[in-house]
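Worksheet: one structure, shown below.
Residue numbers (this note's numbering): 1068 to 1158.
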């Protein structure tokens, strides 16, 4: 499955992720099904041949997967990057 297919598969399942910063950590919280979705999304991105990146945002694309308490999104970036060095992998 591609990352978009994983998202489509979970779109109608009322999966809600709370993702926020906590003491210097990114804290993803959710039910068993929510964490399963997140795991499948990471695996799909690891094997996606069409793109090296996928993002979901609480106030943008993918917002249906986030709770109102979320204040950060998720940007998954596989290396090596298909576009060479990006802002995400320059450090």
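Every residue gets a Cβ at the ideal spot worked out from N, C-alpha and C, and that includes glycine.
- Taking the Cα positions, residue 1130 is about 12 Å away from residue 1136.
- Between the segment 1092-1102 and the segment 1119-1126 there are fewer than three C-beta pairs closer than 8 Å, too few to call the two in contact.
- Secondary structure note for residue 1132: it is in no alpha helix (DSSP H), with a DSSP letter that is neither H nor E.
- Assignment of beta-bridge partners to residue 1123 by DSSP yields 1141.
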